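Q:
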Ligand code: SF4
Ligand code: SF4
């Protein structure tokens, strides 16, 4: 791991859904959770990943084999069966650090997700975008889990605040308490997900239980943190969309003293990314939650005194 650098798998400008105003989104690699419905699977692991987009590959149309010759591990071979032109041994690629195959793929069918950056390099990009935000915008750190690389992210948050840049974070809050509260000291606006109120059910679909997350939310509110915190619930059918779970979530929010939630309808935007990583998206066939169900969930929260926004309807 390069010293004093953060691993960032994407930077997007002009976002209006991830905090107040127009924002630049910084996607940090690494996450302690393994949500089966994840829309950014290339950010799950704290490492660079090889992405293969078969539609761009000209092996069959132009006979290109440059990447086969470039790979020092012979991890790529021609696929004579099925629609995908190349077979890639992901096991052999696991520990690759050079990604030589991507350097000869002029069609960008092979790319690397994740770039190591210094804080100075990141701030240069943020400052470049600053002129486009207008009034009330800023930076949102997301991922992956932005606090998985806590030292780098905290340094970046601190640096942004020191030059009067508004900071937001989208975090799972699954991080050791002290680091979490320290990071939040440099955050002006936060989204935290609650994926399920039952610890075991939470573990079944995300790989971790929810105690640390709920404990961190409770501790943050109890600390008198003065900024706006919006809880988010990605609604997943047959997992967390039951009345029992929604009522338990509302009870938790009321107990802690939070009064708003953002419910997110499921989408399949992550599907193509799972394919680029050579993985099958577990939710490929899943149709998502109906509008009626979303309305029903919204009603359950509202009946319990919780303002509930659907999708990007959240007023900032
Ligand atoms: S170098 Fe790129 S375009 Fe050529 S065969 Fe490899 S992946 Fe396909
Ligand atoms: S990522 Fe590395 S090991 Fe995998 S195909 Fe490319 S060069 Fe070979």
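Numbering (my numbering), first residue to last: 1 to 316. Ideal Cβ positions, reconstructed from N, Cα and C, are used throughout, including at glycine. In this text, all values refer to a predicted model and were calculated from it rather than measured experimentally.
Check this for me: beta carbons of residue 234 and residue 37, under 8 Å apart or not?
A: Result yes, Cβ atoms of residue 234 and residue 37 sit closer than 8 Å.
Q: Residues near ligand 1, CB to any non-hydrogen atom under 5 Å, in chain order?
A: Qualifying residues come out as 57, 58, 59, 64, 66, 67, 105, 107, 109, 110.
Q: Can you give me the C-alpha to C-alpha distance between residue 139 and residue 17, rounded to a whole angstrom?
A: Cα-Cα distance, rounded: 12 Å.
Q: Using the Cα positions of residue 34 and residue 114, report the straight-line distance between them to the nearest angstrom.
A: If I take the Cα positions, the gap works out to 18 Å.
Q: Report the partner residues of residue 193 according to the DSSP bridge assignment.
A: Paired residues: 232.
Q: So, is residue 370 buried or exposed, given that buried needs 16 or more other C-beta atoms within 10 angstroms?
A: Absent from the model: residue 370. The displayed extent of the chain is 1 to 316, so no value can be given.
Q: Pull up the distance between the alpha-carbon of residue 296 and that of residue 213, whole angstroms please.
A: Spanning the two alpha carbons is a distance of roughly 26 Å.
Q: When burial is assigned at 16 or more other CB atoms within 10 Å of the CB, is residue 142 buried or exposed?
A: By the 10 Å Cβ count, residue 142 comes out buried.
Q: Once DSSP output is grouped into helix, strand and coil, what is the label at residue 317?
A: Past the edges of the chain, shown from 1 to 316, lies residue 317, and the structure says nothing about it.
Q: Suppose contacts are defined by Cβ-Cβ distances below 8 Å. Is residue 96 in contact with residue 73 by that definition?
A: Closer than 8 Å, so yes.
Q: Put residue 316 into one of helix, strand or coil per three-state DSSP.
A: The answer is coil: DSSP assigns residue 316 none of H, G, I, E or B.
Q: Suppose the cutoff is 7 Å on Cβ atoms and the five residues either side in sequence are ignored; what does the same chain contact list for residue 211 look like?
A: Around residue 211: 199.
Q: Answer with buried or exposed for residue 222, where buried requires no fewer than 16 other C-beta atoms within 10 angstroms of its C-beta.
A: By the neighbour-count rule (16 or more Cβ atoms within 10 Å), residue 222 is not buried but exposed.
Q: Confirm the yes/no value for this check: CB of residue 76, any heavy atom of ligand 2, distance under 7 Å.
A: The answer is yes for residue 76.
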